[in-house]
Structure formats: structure tokens, C-alpha cells
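J.: Protein sequences appear in the order of chains B and L.
For what it's worth, the working numbering labels the leading residue of the first sequence as 4, then goes sequentially.
For what it's worth, the working numbering labels the leading residue of the second sequence as 6, then goes sequentially.
No residue lacks a Cβ here, since even glycine has one placed at the ideal position from N, Cα and C.
Computed from a predicted model, the values in this text were never measured in an experiment.
Please find one structure pasted underneath; my questions will follow.
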Amino acid sequence: MKFYDVTELAFRNLRESLLRNSLTTVGISVGVASLVAMLSLGVGLQQLAGKKLEKSGLFDTVIVTSRRDLHGYEREQERNGPAPADSPVLDEAARAKMEQLPDVKEAYPDIRFVTELRYEDKPHLTTVAGLPESAKTNDAFDGMQGNFFANDAAQAIILKSFAEELLGRVPKHGDAEPNVAELAKPLLGKTMVLRYAQRAPAQASPSQSSATDEISAMEAAYSVISKELTVTISGVTELNPDAMRGQSGARVYLPLKLAESLHVIQPSDLRNAASDKTGTATYSTVSVRVASAARVPQVEAAIKKLGFNTFSITDATKSVRQFFAVLDLFLGIFGSLALAVASIGIVNTLVMAILERRREIGIMKAIGASDRDVKGLFFAEAGAMGLLGGLLGVALGWTIGQLINLGTNVYLRRHDYPPEKVWLVPWWLVGGAIVFSIMVSLLSGLYPASRAARLDPVQALRYE
Amino acid sequence: MSAQTAICLEAVARHYQMGDALIRAVDGVSLEIPTGQFVALLGSSGSGKSSLLNLMAGLDHATGGKVTVENQDLAALSREGLAKHRLKTVGMVFQSFNLIPSMNLLENVELPLRFAEVDRDKREGMARLSLERVGLGARVKHRPSELSGGEQQRASLARALINKPRILLADEPTGNLDSRTGTEIMTLISEFNSSLGMTIVMVTHERAIAERYAQRLVFLADGKLAGDTTNSGAGN
């Protein structure tokens, strides 16, 4: 029989015992739905965690230091590579070179300094850091009050704890956490005065050049000028984008370009002044953001080749991925259990159909149907149930997912969390589930189909 | 065996083991049926008539002897080969009509064409023509349950002839019909024999019908050949 004839006859046979076949198909669809539901939960959670980790900036960032300034984070790095004295300087040229490496999104210097900020004429000492515009997508700014700053505007984002300090609130033990919106209200749009020490290139004078070499180098390198800058508070954030640095994390953030343009004296400048006669500005740390966490090892290797020390949290992502692989596997197994039960339903339905249609099979054989035709017919019926069950199951799984997303988000909102998509049905899962459903159904149809094909036509024709 | 032999049975046996007892349904039957002959297989119930017909149809296999149909030894055919034999070489009609109840007449008659992989666009025309030939042109969309016994048997004949077989094997074709309808069916079968030159082997226990239409009467008793006579009165 031709394929379309087999298909046509299979569908007409399914229509003949509509109730039983519909129930079997519903059974398959419940199995597929549970598989889709389980796997899409796994995928959703993985994506959510992946996005969170990516947004945290911890996993796609490589921190680069010069071997001149610091020892490597690992003994391995210390032993390999050039000696500290021969290693390259971490300056603008090195940063630009890193930015040109494949898979690198951006490389920016880590500008941070401890300084005094005056708010309503009261001085507050804190660490200030520059943030690139790309940090806007960082998770820490999700629940921020106000706005992220423009690239080089004289604006600042402050941490909730610093906002408390500016407002003179001293949290006591046992107090309820203050609401960030409440703290931000009186501060947004207000100005603070930033007092900092600027490193300015010094004018070399004949009298200075006559001094000793060491001192003249230092003097020729730069002079330190005290400066002030008025910045507007554009945002107050609850979460700390600098959490990776723990206690040394900044509490006030400026746009990176602005922070760079201030030329605030950095610790590395002091060392450079003593050793480097050129007076070129160097960075103590450069943060390199990689296109994806998976490419971090390659980027790290490339940077090490340039002669710098690197640090990243790649091992952590590896174990997170491993966790999700195992989670997906178990969710898949549990999801498949329902489909396995449904497949027994297919076997049962088809075996019943053989009993019912025993005579019909005998007639078909008597008028010329081959074993292959009969087998193909039962196979097609199983496949058709699998296809219909798969389609219905995916729709059902998707609907369950949407409902759970809805429920989860209602719950999250009630607990003041931003809404999330914990349930995600990617296209590969839709296609995969339907194909899997058809395959399981065909497999279930194997036994009934070959049993039908083997029927003795003489016996079958006698059957009433 | 001459080239004009349609069916040749050489000491054919079909024995069944039933517990300790050996049932000899067909026991050493030898018979040669020339092409175009109308043969009636007669005998009482359990004489082995239907078993012999099933062996000729390739629905069952002989446990002894040799069954040759259109110069083809059926024992040498695979299951696929036997299916092809039933599809192309022989056509079958049964006492209980054996139409598929869920299909209308057109679909029932089309079924062997599907097995023969005839194109879909040609099938309907062929099936209609076949049904018109047996006088059912106006009933093509009816299901078997909506037809009389005679009409069902005519549809069954249309189905048996759709692939233009050279041999028609009929198992008690009038067994479930009244005498008037039975006569109609027998007239049709007889016409196929005379106008198309088809070889007909018909199982019946009604001697009168056999004598009226068949050219040769073969008698079976307890699975053995009990008589083989030429019927000169056929067609009267």
C-alpha cells in the first residue's frame, strides 16, 4: 500500500472507535504534557539562573592585573609567564589590545578611590567607583529607584546603605529593613560635592630638573591638585553591583568616562612614579567582559599570553551547568514516566483493536493485503495517535506552563520580587516532544502491528 | 500438467493436530482444473471443501502434496508472494460476504486496488465500473448494513473481480441467500465464466445449484476425493 493510503485508512480506523482512541490519545497527550512541563521547567530555571549569573557580571568577567603590581591569584600563574619586572604595564594600550581579542565585549579600567563626599555640608567618607554603561543590565539595578546615569553625565548612583548614611538614619538591631523607595524620595535629583585628588601632568622647570634623579622623575611625572565636583544623585539601588569585592566594594558609582576624566590619583601612580619615568597613567585592574561565560577560559588564556594575571569564576559556572544537566535528566525521566504509562495504553488499545478487527484483518488478507500492509496500517494508527497526542500534549504542557508562570508571578509580586519566566518552552522542545511522542507510539505499536500481521487469515475469517 | 491447467492438486493433504487427535481435513486429493472450467466442489459439512478452497487461495498451506495455481507452486511462495497471489491471480467470495462494515461499497471495492497500489485518481472509476457491472451503480455510497444479502454478495463479487483475476474461488456464495437471489448471483458468476473465460471453483452443498451451473462436479468425503463427474446439463 502507498503511504497516503495507509495514512488515510489509519485515520479512518481511528475515527471508527472514536471514544477509545480519543482516550488513548488523551493519555499520550498527558504523558507528553508532563514531559514538556518537566523539561520546560528545567530549561526555564536554567535560563533564569543563567541570566541571573550573566547579569551579575561574575561569570562573564575576567579581572586582569599586571604581574608588576600583584602576585597571581594562583601559584601556577606566578611560576609561569614573564618575571614581574619584565612583564608588560597595564595601561591604555594594553586595555585596547584586550578589547581587540576575540569574544571580548569590552575591557574597562577599574577606577576606584576613597574620597570625601559632602551632602548638605556634612562630610561622608566612602569608596567611589566608575561603572561602564554596559553595567546598566546588571541585576543589581533591577529594583533601582531613579535612573541609570548617562555615559559621562555628572551623576551618581548610591547604595541604599549610603543613602541611609546621607539621611542620617542609623539602623538599629532588630529594625525593619527600610524601603529603598522611601530612602530614594528625598535624595533623587539632589547634589553631592565630591572632593578628590587629581593627578595632573606637572610643568617641568629647569630648577626642578636639577634635583636628584628619583625626585625629579616623581616631580616631572605629575602634581597633585585638590578638586571638587558636584554630582546629582540619579539612582538609589538596594543590591550591590560590587558585591564581588566584599568590604572593599564602592557605595557610590559614577559613569566610567566621568571617573576616568577626573584623573584621580590611583595607588598604582605612586609605584609608577618611583619606577617609571614616562609618567604614563596605568591601571591597577582592568575588567574584561566576555561575550559568553563559556568563552571565559579562552579569553583568559589569550590575556595570560599577553603577560598579565587573570581571575574569573569559571569553575563555578561549570558546576552550575553540571547541576542543571543532572536536573534536566531527572526531570526528563520523571516526565517520561507518564509517557511510558501512556505507551502501555497504546499497546492496550491496539491489541483490543486487533481482537475487534480480527475478521476485518482476515478479510483484508483474503483479498490480497500483505503482512506489510497490515503491519503498516497498525503502525500508522499508533503513529497517528502519537502525533495527535504529541500536538495536544505540547499545547497542554504549554498551557500548564503559562498558568504556572502566572501563578508564580502573582506569588513573586506579592513578596515584592520582580516577575520571572520560570517556565520556558523552546522550539526544540516542542519539536522534540512531538517526535518523541511519535517514536514512543510507534515503538508501542511494534508488538500489536506484528501480531496483526501474523494473524492466520483462515482463523481470522472464522472469527465472529 | 498442460499449459491450459489453471489449478493442479497433487496428493494434497491438510492435517491438523488437535490434542492427541490428527484431523485430516484434506487427505491426498489430486485434481487438475483446466483454464476456463466451472467446477463445483460438493460434499457434506466437514468434508474438506472449504479447506481445499483455502489451499487453492493460498490462505492456508498444505501439509502434504503440491498445490500449483497458474503454473506456480504455492509452497514455493513467501508470505508476500502468497498475498500477491490472492491479490492478482485469484478472487474470493464468501458465504458471509465479508465486506468491511465501516466502509461503503465503493471503499470496499477499492480496497484491493489500494493493496495493488493503483493510483488514487484511477481507483474510483474502476470501482464504480465494477459495481455497475453487478448492478450496484446506484448504491456505491451505501454501507453493507444498508443492503440486502444479494446486494452484499454482488458487491463482494465486484470486489473479487476488481483486480481482474483469472480464477474466482467462491465459498458457498448462495449459502446465505434465498433461492431467487441465489439464482441472480449464480447467473452473474456463470456470466463471468462464459464471457470472461474465468476459471471458477465453487464450494457448495446444494447439488441442484451445482448441477445447474457447473461444468464439472467434484465430490469430497472425509477429506478425500469421492467422485469427479462432468456435468453435461450445465447452463440449462
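#1: Which of helix, strand or coil does DSSP assign to ILE364(B)?
#2: Would you mind stating whether ILE357(B) and PRO451(B) have Cβ atoms separated by less than 8 Å?
#3: Between the stretch 178-194 of chain L and the stretch 15-24 of chain L, can you find at least three pairs of beta-carbon atoms closer than 8 Å?
#4: With DSSP collapsed to three states, give me the class of TYR21(L).
#5: Using a Cβ-Cβ cutoff of less than 7 Å, which residues in the same chain neighbour PRO429(B) once the five nearest sequence positions on both sides are dropped?
#6: Taking HIS266(B) as the reference, which of LEU232(B), ILE236(B), SER237(B), ALA294(B) has the closest Cα?
#7: Name, going along the chain, the residues of the stretch 33-61 of chain L whose beta-carbon falls closer than 8 Å to a beta-carbon of chain B.
#8: Please state the DSSP three-state secondary structure of PRO112(B).
#9: Whether or not the stretch 90-105 of chain B and the stretch 319-335 of chain B are in contact is what I'm after, with contact meaning three or more pairs of Cβ atoms, one per stretch, closer than 8 Å; do they touch?
#10: Tell me whether TRP431(B) is buried or exposed, calling it buried when 16 or more other Cβ atoms sit within 10 Å of its Cβ.
#11: Would LEU191(B) pass as a contact of GLN148(B) if the rule is Cβ separation under 8 Å?
#12: Classify ALA40(B) as buried or exposed, calling it buried when 16 or more other Cβ atoms lie within 10 Å of its own Cβ.
#13: Taking only beta carbons into account, state which residues of the stretch 74-85 of chain L come closer than 7 Å to chain B, listed in chain order.
#14: Kindly indicate if chain B contains any beta-carbon less than 8 Å away from that of ILE214(L).
#15: Please identify, using Cβ separations under 9 Å, the residues of the stretch 103-115 of chain B that lie next to chain L, in order along the chain.
#16: VAL366(B) CB to nearest chain L CB: under 8 Å?
#17: For LEU391(B), tell me which candidate among ASP8(B), VAL29(B), LEU22(B) has the shortest Cα-Cα distance.
#18: Tell me whether the stretch 212-225 of chain L and the stretch 189-203 of chain L touch, counting them as touching only if at least three CB pairs, one residue from each stretch, are closer than 8 Å.
#19: Span of the beta strand (DSSP E) holding SER226(B)?
#20: Could you work out which residues of chain L lie near ILE31(B), taking near to mean beta carbons separated by less than 8 Å?
#21: Got a sec: is the Cβ-Cβ distance from LYS378(B) to anything in chain L below 8 Å?
#22: Please classify SER43(B): does DSSP put it in a helix, a strand, or coil?
#23: Taking its Cβ as the centre, do 16 or more other Cβ atoms sit within 10 Å of THR313(B), making it buried, or is it exposed?
#24: Return helix, strand or coil for ASP145(B), following the three-state DSSP convention.
#25: Give the secondary structure of VAL149(L) by DSSP, where H, G and I count as helix, E and B as strand, and everything else as coil.
#26: For the 8 Å Cβ check, are there 3 or more pairs between the stretch 86-106 of chain L and the stretch 28-44 of chain L?
#27: Is there a Cβ of chain L sitting closer than 8 Å to that of LEU38(B), yes or no?
#28: Determine the extent of the beta strand (DSSP E) in which GLU37(L) is found, giving its start and end residues.
#29: Anything in the stretch 334-346 of chain B with a Cβ closer than 7 Å to a Cβ of chain L? List those residues in chain order, please.
#30: Check GLN77(L) in the structure and name its three-state DSSP category.
#31: Under a CB-based cut-off of 8 Å, is PRO117(L) close to chain B?
#32: Going along the chain, which residues of its own chain have a beta-carbon closer than 6 Å to the beta-carbon of ALA175(L), five neighbours each way excluded?
#33: In chain order, what residues of the same chain have a beta carbon less than 8 Å from the beta carbon of SER210(B), not counting five sequence neighbours either side?
#34: Please go through the same chain and pick out, in chain order, the residues whose beta-carbon is closer than 6 Å to the beta-carbon of THR73(L), but skip the five residues on each side of it.
#35: Go ahead and pull the three-state DSSP assignment for VAL114(L).
#36: Taking Cβ positions only, does ASN103(L) come closer than 8 Å to chain B?
T.: The answer reads as follows:
#1: Within the first sequence, the letter at position 361 stands for residue 364(B). Helix at ILE364(B).
#2: For the purposes of this step, residue 357(B) is taken as residue 354 along the first sequence, with counting starting at 1. For the purposes of this step, residue 451(B) is taken as residue 448 along the first sequence, with counting starting at 1. Yes, these two residues count as a Cβ contact at 8 Å.
#3: no
#4: Numbered from 1 along the second sequence, position 16 holds the residue referred to as residue 21(L). Of the three classes helix, strand and coil, the one that applies to TYR21(L) here is strand, per DSSP.
#5: Indexing the first sequence from 1 puts residue 429(B) at position 426. Excluding residues within five positions, the ones whose Cβ falls inside 7 Å are VAL46.
#6: Along the first sequence, one-based indexing puts residue 266(B) at 263. Out of LEU232(B), ILE236(B), SER237(B), ALA294(B), LEU232(B) has the C-alpha closest to the C-alpha of HIS266(B).
#7: ASN59
#8: Within the first sequence, residue 112(B) is the residue found at index 109, counting from 1. Three-state result, PRO112(B): strand.
#9: no
#10: Within the first sequence, numbered from 1, the residue matching residue 431(B) stands at position 428. Classification for TRP431(B): exposed.
#11: For this step, residue 191(B) is matched to residue 188 along the first sequence. For this step, residue 148(B) is matched to residue 145 along the first sequence. Yes. Within cutoff.
#12: In the first sequence, the residue the question calls residue 40(B) occupies position 37. It counts as buried.
#13: ARG84, GLU85
#14: As a working mapping, residue 214(L) is identified with position 209 in the second sequence. Output row for ILE214(L): interface = no.
#15: none
#16: Your numbering for residue 366(B) matches position 363 in the first sequence. First, the amino acid is wrong: residue 366(B) is Ile here, not Val. With 8 Å as the cut-off, ILE366(B) counts as an interface residue toward chain L.
#17: Against the first sequence, residue 391(B) aligns to sequence position 388. Minimum Cα distance to LEU391(B) is reached at VAL29(B).
#18: yes
#19: Translated into positions along the first sequence, residue 226(B) becomes position 223. Unbroken beta strand (DSSP E) run through SER226(B): 226-240.
#20: On the first sequence, position 28 is the one that residue 31(B) refers to. Correct list: empty, because the minimum Cβ distance to chain L is about 23 Å.
#21: Translated into positions along the first sequence, residue 378(B) becomes position 375. No, because no Cβ of chain L sits closer than 8 Å to the Cβ of LYS378(B).
#22: Position 40 of the first sequence, counted from the first residue, corresponds to residue 43(B). SER43(B) falls in the helix class under three-state DSSP.
#23: The residue labelled residue 313(B) in the question sits at position 310 within the first sequence. By the neighbour-count rule (16 or more Cβ atoms within 10 Å), THR313(B) is buried.
#24: Position 142 of the first sequence, counting from 1, holds the residue named residue 145(B). Three-state result, ASP145(B): coil.
#25: Residue numbering aside, residue 149(L) sits at position 144 when the second sequence is read from its first letter. Here residue 149(L) turns out to be Pro, not Val, going by the sequence shown. In the structure shown, PRO149(L) sits in a helix (DSSP, three-state: H, G or I).
#26: no
#27: On the first sequence, residue 38(B) is found 35 positions in, with the first residue counted as 1. Answer no: the Cβ-Cβ gap between LEU38(B) and chain L never drops below 8 Å.
#28: On the second sequence, position 32 is the one that residue 37(L) refers to. Unbroken beta strand (DSSP E) run through GLU37(L): 26-39.
#29: none
#30: For the purposes of this step, residue 77(L) is taken as residue 72 along the second sequence, with counting starting at 1. Reduced to three states, the DSSP call for GLN77(L) is strand.
#31: By one-based count along the second sequence, residue 117(L) stands at place 112. True, the Cβ-Cβ gap to chain B drops below 8 Å.
#32: The sequence position of residue 175(L) within the second sequence is 170, counting from 1. If we look at ALA175(L) and ignore the five residues flanking it on each side, its Cβ neighbours are VAL98, MET207.
#33: As a position in the first sequence, residue 210(B) is number 207, starting the count at 1. A caution first: SER210(B) carries a pLDDT of 47, below 50, which makes its placement in the model unreliable, though a value can still be read off. Taken in chain order, the list of residues that qualify is empty.
#34: Start at 1 with the first residue of the second sequence, and residue 73(L) comes out as number 68. Excluding positions up to five away in sequence, the list reads CYS13.
#35: The count along the second sequence starts at 1 and reaches residue 114(L) at position 109. VAL114(L): helix per DSSP, three-state reduction.
#36: Position 98 of the second sequence, counted from the start, is the residue given in the question as residue 103(L). Yes, its Cβ sits closer than 8 Å to a Cβ of chain B.
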